[in-house]
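Have a look at the structure below before the remarks.
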DNA sequence: CCGCGTCGGATTGTCGACAATCGCCGTGCG
DNA sequence: CGCACGGCGATTGTCGACAATCCGACGCGG
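Chains as they are written, first to last, in the numbering used here: chain A, 10 to 256; chain B, 10 to 256.
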C-alpha cells in the first residue's frame, strides 16, 4: 500500500537512506527537524553543540548547514553563525508568488509533455484524496502532505529538471515549514481538491494555457487566504510584524 | 562614470570586495573563472590542486565548491568529485522556461510596486543601450551584460526577495555561462531593445498583465532562437546531443 | 544614572593529517 | 580475444586543533 504513505515522506525516507555520507545524513536529519518544528524558527544553531549531539565532527555539520542555507531553511552570517530561518507573512507571500510563477510553468510543460498514464495516476491520486477526505473530513493531517503530493507530481511531469528541482528541493520544503507553523488554509481543503480536478481536466484536454491559468489561480487563491490572515492579525494585534506566536 | 561599467560587473566586484571570509572569495573567484570560460564545462575540479593553486586549505575550497553546486555551476557526486557544469541545449531550454516564469512574475510585481523614478532609471538605461548600439552596431560585447542589466533591475524592482535571489543569484549566472560559450542571439540585439522598451511602456501604464505577457514573450522569443539553433545543429551534425564544440 | 571602552569567554573560520572510497590497470580465466 | 577480478594510487570524506572574530559583562568616566 503505497497510498498510505505520502510522496513527500517517501522522498524523505529515500533521501535519508541514500545518505552515503555523514553530511548528507545530517542535512536530511536537520531538515526534517526544522520542518517538523523540532528546531523552532529563529533558533540558534551552535556548531559544537549540534556536532556533539549528533556524534560527528564540525566538518560535515558545517556542510549540512550550508546546504540548508542554500535551501533557505537556515540563515547564516559570517562570524555570527546559523539560525533557523525566521518566518514572516512577507516571506510567505513572496514564496506564494514564486510558486505561482514556477508551478504555473510546470503545469504548462506537464500538459504539453506528460503521458496519458501520468494523467490517470494524477486522477487516481485525487480520488484517494477525496476518499480520505470523506473519512476524516475537515482539516485532516492528510491534507498537509497530500496537497504537496499533487504539486510534486505536476513538477516532475514537467520534464524540466531545473523547474522540478526548484519546486521539489527548494520551495516545497519551505512550504512544509510554513505549514507546520501556520495553518492558514482552514476550510480550503474541499475547494483545493476541486481546483486540482479542474487542473487535471485541462491537462487532459491538452489545453496548456488553461492548465497554467488554473494552477496560477489555485496558488493565488491560497496566497490571498494568507494575505487575509495577515490583515486579520494586524487588525487584532495592532502592529505585529512577525508571525511568531510562541515565546 | 557608472554607466561605463555594467551592473553585473559592479555586483561581481562588490561580491569579491565584501568577501570577509576565504570561502566567499574562493566562491567568487571560481564563479568568475567558470563564467569567463577559464574553467571549461566538464572540467574536473580536483580539490588538492585548486587548494594549492589558490594557496588555501581544502576546507574553504570545499565550501566554495558546495556553493557553486547550489548555484548549479558545478556538479558534484559523493566520492567522485566536482566538475564544471556540462552544457547542453536541453538545459539551456529548461533555463529559458524557468526564466520565462520567474521573470514574468518579477515584471508583474515590479509593475505593481516600483516607483516612477525607477521607471525613469529603466528608460535611461535603455537610452544608454541604444546609444551604445548606434556606436558599435551589431553584436557588440556590450550586449552580453547589457541585456542582463535590464533584467537585473526588473528583478530587483519586484520587491520580492525570493524572486530576486532566484534570478540574480541562480539563473543569471547560468545565463552568463551559456552566453560566453554559446552566442545564439545573432541579430536579436535591436529587436531585444525594442521589446525592452515595450515592457517599460507597459510598466509605465501600470498594466501588470501586459507587462508580464511582454516579458514572457521576450524570453520565449530568445528560447525559440535557441531551439532553432539546436535544430540547425542536429540537421548539420546528424545526432549530436551535446553542444560542446571544442575538444 | 547612563553611555562608552575594554576585557574575557565562546563561537566561527581555517588548517593539516588520517581514514574510507573510487577509478584505473594489470592479470587471470572463460 | 573479451571480460571479470583484485591491487594500487589518487581523491574525497572526516576529524581534531589552532587562530580570528564576535557577543556579553564589567568597569570607568561623564
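Even for Gly, the Cβ is constructed at its ideal location relative to N, Cα and C.
Taking CB atoms only, residue 30(B) has a neighbour in chain A less than 9 Å away. In this structure residue 77(B) does not touch residue 180(B) by the C-beta definition: roughly 15 Å separates them, more than the 8 Å allowed. Ranked by how close their Cα comes to the Cα of residue 93(B), the residues 238(B), 187(B), 209(B) have 187(B) in first place.
Neighbours of residue 65(A) in chain B, taken as residues whose beta carbon is under 7 Å from its own, are absent, since the nearest beta carbon is some 16 Å off.
Here the alpha carbons of residue 115(B) and residue 139(A) stand approximately 35 Å from one another. The beta-carbon of residue 113(B) is placed less than 9 Å from the nearest beta-carbon of chain A. Contact annotation: in the region 94-119 of chain B, residues whose CB is within less than 9 Å of a CB in chain A are 99, 100, 102, 103, 104, 106, 107, 109, 110, 111, 112, 113, 114, 115, 117, 118.
For residue 182(B), no chain A residue has a Cβ inside 7 Å of its Cβ, as the nearest lies near 13 Å away.
No Cβ of chain A is located within less than 9 Å of the beta carbon of residue 91(B). Counted as a single uninterrupted DSSP element, the stretch harbouring residue 214(B) is not any beta strand (DSSP E), since DSSP gives it neither H nor E.
Residue 124(B) counts as exposed, since fewer than 16 other beta carbons sit within 10 angstroms of its beta carbon.
When the alpha-carbon of residue 126(B) is set against those of 209(B), 231(B), 200(B), the nearest one is in 209(B). Between residue 120(B) and residue 204(B), the gap from beta carbon to beta carbon reaches 9 Å or more.
When Cβ-Cβ separations below 9 Å define contact, residue 164(A) makes no contact with chain B. As computed with DSSP, residue 99(B) is found in no beta bridge at all.
By the Cβ rule, the region 227-242 of chain A counts as touching the region 98-113 of chain A, because three or more pairs are nearer than 8 Å. With a minimum length of 4 residues, the unbroken runs of alpha helix (DSSP H) contained wholly in the region 30-91 of chain B fall at 31-45, 56-63, 67-79.
Only those residues of the region 168-179 of chain A whose C-beta falls short of 7 Å from the nearest C-beta of chain B are listed: 169, 170, 171, 172, 175. Contacts with chain A (Cβ-Cβ distance below 7 Å) from the region 231-248 of chain B involve no residue at all.
The beta carbon of residue 45(B) lies closer than 7 Å to those of 189 in the same chain, with the five residues before and after it left out.
Rounded to whole angstroms, the gap between the alpha carbons of residue 184(B) and residue 75(B) is 19 Å.
Only 68, 71, 72, 75, 76, 78, 79, 80, 81 from the region 68-86 of chain A bring a Cβ to less than 9 Å from some Cβ of chain B.
Any Cβ of chain A closer than 9 Å to the Cβ of residue 227(B) would place that residue at the interface, and such an atom is absent.
When the Cα atoms are used, residue 219(A) and residue 112(A) turn out to be separated by approximately 13 Å.
DSSP places residue 170(B) inside the alpha helix (DSSP H), whose first and last residues are 170-174. Residue 88(B) counts as exposed, since fewer than 16 other C-beta atoms from the protein chains shown sit within 10 angstroms of its C-beta. Residue-level contact by beta carbon holds for residue 33(A) and chain B, with a gap shorter than 9 Å. Boundaries of the alpha helix (DSSP H) harbouring residue 186(A): 181-190, taken from the DSSP string. Using beta-carbon distances, residue 160(B) does not count as an interface residue toward chain A, since no partner is under 9 Å. Contact check for residue 56(B) against residue 35(B) fails: the beta carbons are separated by 9 Å or more.
Residue 82(B) sits close to residue 182(B), with the two beta carbons spaced by under 9 Å. By the CB criterion at 9 Å, residue 135(A) and residue 160(A) fall outside the cutoff. Sixteen is the threshold: when 16 or more other Cβ atoms of the shown chains lie within 10 Å of the Cβ of residue 165(B), as they do, the residue is buried.
The shortest C-alpha to C-alpha distance from residue 106(A) to any of 245(A), 156(A), 231(A) is the one to 231(A). The shortest C-alpha to C-alpha distance from residue 228(A) to any of 137(A), 30(A), 109(A), 169(A) is the one to 109(A).
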